[in-house]
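Visitor: First the structure, which I've put down as structure tokens, then a few questions once you've had a look.
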């Protein structure tokens, strides 16, 4: 019997020839990641019981990204402890404030490879599944244990296969695909399961588009959310690591608990309404919804391609009076790319405010939160009540294209009209 990608990775990392769903294994971990919210807590957990070293500090990656620039003295002090612990434990791969969001930086710096097992003390660690890694989020305590031991226990998950078919229309992106899947299958569809995205539609997506899909996989409850590694994966990593990168995917006779097909060719832009990512409507069903803030950012949709697509909508146009547009590139690399290409100029000319690379208002920890009674539309991954500011605000989730079109009109808008 063949194995899925998650099964193959958990087997190889636990010294087994094969594993089956439901089994428990202890697996060696390739990369362990923490951030300014979680890493210091993890280290303190170890220090408090007299443990002062990691199994392999070179397998640990730390990003200072959530609350930067520091908004309060408490944030600044937490980041000081973050730097002190990184130095104390000998962390080689420490990316300080301004380098970017962990889920963009870690792939950019070549830390995620096909076949890797990766854990991170952040729920959207599933992002690295776009590079055929089995990547999942854990809490600070589990991160502490993993960094000390170099391994952790896992239950082998069942796997759902989402077969994506057909080419996306102009103005429709992988964000719309994932929102449509959430709307149809709900936020608890894949609790402690692995997701695999297959089919011609998955193969046609760029690596950055796949990252958006894998990032949002956890919003369906997924433990892992994975694409097979193909020529695009190899090309993406070619300049980012000296390691030999090869194709990696499920066995031809892998067993899936469920298989679902989606016709991507006829998909409209999608919008998730408050206060859950699975409260999804097609753009034709939205109606007249004014927005006071449009935000293009976060680990979901603020990479180079995302900002390029938004700029196509915004170029030569202006943000509507009474609406503000905030754009936060997800890394220094992205910021430099869009500066060199002129995309950043297009965004600023349209009226966008630009903030330094980081998480921004996504989790309510930095610049650009919503006030009471305000409607927002954002390219983020969660719109829970109170997450991005006031509990009396209303946030909607959409693609960068839809966010850009909405900024122009001052209400939720269909981006396709700007592409004719």
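In our numbering, the protein residues as written are 4 to 423. Where is the CB? At the ideal position from N, CA and C, for every residue including glycine.
1. So the candidates are 381, 283, 70, 215; which of them puts its Cα closest to the Cα of residue 189?
2. Beta-carbon within less than 6 Å of residue 377's beta-carbon, same chain only, minus the 5 sequence neighbours each way: which residues are those?
3. Beta-carbon within less than 7 Å of residue 250's beta-carbon, same chain only, minus the 5 sequence neighbours each way: which residues are those?
4. If you reduce the DSSP assignment to three classes, tell me which class residue 152 lands in.
5. Who are the near neighbours of residue 181 in its chain, counting only those whose CB is closer than 6 Å to its CB and skipping five residues on each side?
6. Of all the options 206, 70, 155, 40, which has the alpha carbon lying nearest to the alpha carbon of residue 27?
7. List the residues that DSSP assigns as beta-bridge partners of residue 285.
8. Taking buried to mean at least 16 other C-beta atoms within 10 Å of its own C-beta, is residue 308 buried or exposed?
9. Nearest CA to the CA of residue 3: which residue from 237, 272, 109?
10. Going along the chain, which unbroken runs of the alpha helix (DSSP H) with 4 or more residues stay wholly within the stretch 61 to 119?
11. Taking C-alpha atoms, which residue in 46, 126, 77 lies nearest to residue 93?
12. Classify residue 158: buried if its beta carbon has 16 or more other beta carbons within 10 angstroms, exposed otherwise.
13. With DSSP run on the structure shown, which of helix, strand or coil describes residue 238?
14. Check the C-beta distance from residue 389 over to residue 374 and give it rounded, since I have them as a contact under 8 Å.
15. Give the range of the alpha helix (DSSP H) segment to which residue 184 is assigned.
16. Please classify residue 151 as buried or exposed, where buried requires at least 16 other C-beta atoms within 10 Å of its C-beta.
17. Whose C-beta lies closer than 6 Å to the C-beta of residue 54 among residues of the same chain, with five residues either side of it excluded?
18. Quick test of your reading: residue 329 and residue 300, contact by CB under 8 Å. State the CB separation rounded to the nearest angstrom.
19. Can you check DSSP and say which residues form a bridge with residue 293?
20. Excluding the five sequence neighbours on either side, which residues of its own chain have a C-beta within less than 8 Å of the C-beta of residue 255, listed in chain order?
21. Give the secondary structure of residue 4 by DSSP, where H, G and I count as helix, E and B as strand, and everything else as coil.
22. Output yes or no for whether 8 Å exceeds the beta carbon distance between residue 149 and residue 140.
23. Can you give me the C-alpha to C-alpha distance between residue 179 and residue 265, rounded to a whole angstrom?
24. How should residue 104 be labelled, buried or exposed, when 16 other C-beta atoms within 10 angstroms of its C-beta is the threshold for buried?
25. Is it right to say residue 322 is buried, meaning 16 or more other beta carbons lie within 10 angstroms of its own, or is it exposed?
Guide: Reading it off the structure:
1. Along the chain shown, one-based indexing puts residue 189 at 186. Minimum Cα distance to residue 189 is reached at 283.
2. The residue you call residue 377 lines up with position 374 of the chain shown. The residues are 295, 396.
3. Residue mapping note: residue 250 aligns to position 247 of the chain shown, counting from 1. Excluding residues within five positions, the ones whose Cβ falls inside 7 Å are 232, 233.
4. Taking the chain shown and counting its residues from 1, the one referred to as residue 152 is at position 149. Three-state DSSP puts residue 152 in a helix.
5. In the chain shown, residue 181 corresponds to position 178, counting from 1. Hits under 6 Å: 216, 219.
6. Residue mapping note: residue 27 aligns to position 24 of the chain shown, counting from 1. Of the candidates 206, 70, 155, 40, the one whose C-alpha sits nearest the C-alpha of residue 27 is 155.
7. Looking up residue 285 in the chain shown gives position 282. Beta-bridge pairing links residue 285 to 273.
8. Within the chain shown, the letter at position 305 stands for residue 308. Residue 308 comes out buried.
9. Within the shown structure, residues of the chain are numbered from 4 to 423, placing residue 3 beyond reach of any answer.
10. 76 to 91, 105 to 111
11. Residue mapping note: residue 93 aligns to position 90 of the chain shown, counting from 1. Ranking the options by Cα distance to residue 93, first place goes to 46.
12. In the chain shown, residue 158 corresponds to position 155, counting from 1. If you draw a 10 Å sphere on the C-beta of residue 158, you find fewer than 16 other C-beta atoms in it, and that means exposed.
13. As a working mapping, residue 238 is identified with position 235 in the chain shown. Three-state DSSP puts residue 238 in a helix.
14. Against the chain shown, residue 389 aligns to sequence position 386. Against the chain shown, residue 374 aligns to sequence position 371. That pair is no contact at about 12 Å.
15. As a first step, residue 184 must be located in the chain shown, where it is residue number 181. First-last of the alpha helix (DSSP H) with residue 184: 177 to 188.
16. For this step, residue 151 is matched to residue 148 along the chain shown. Classification of residue 151: buried, given that the 10 Å Cβ count is 16 or more.
17. Residue 54 sits at position 51 when you count from the first residue of the chain shown. Within the same chain, residue 54 has close Cβ partners 151.
18. Working through the chain shown from its first residue, we reach residue 329 at position 326. Working through the chain shown from its first residue, we reach residue 300 at position 297. About 7 Å separates the two Cβ atoms, so the contact holds.
19. On the chain shown, residue 293 is found 290 positions in, with the first residue counted as 1. Residue 293 pairs with 414.
20. Locating residue 255 in the chain shown gives position 252, counting from the first residue. Only 5 meet the Cβ criterion.
21. Mapped onto the chain shown, residue 4 falls at position 1. Coil at residue 4, not helix or strand.
22. The residue you call residue 149 lines up with position 146 of the chain shown. The residue you call residue 140 lines up with position 137 of the chain shown. No. Outside cutoff.
23. Your numbering for residue 179 matches position 176 in the chain shown. Your numbering for residue 265 matches position 262 in the chain shown. In this model, residue 179 and residue 265 are separated by some 12 Å (Cα to Cα).
24. In the chain shown, counting from the first residue as 1, residue 104 sits at position 101. Answer is buried; the Cβ neighbour count reaches 16.
25. For this step, residue 322 is matched to residue 319 along the chain shown. The residue in question, residue 322, is buried, as its Cβ has 16 or more Cβ neighbours within 10 Å.
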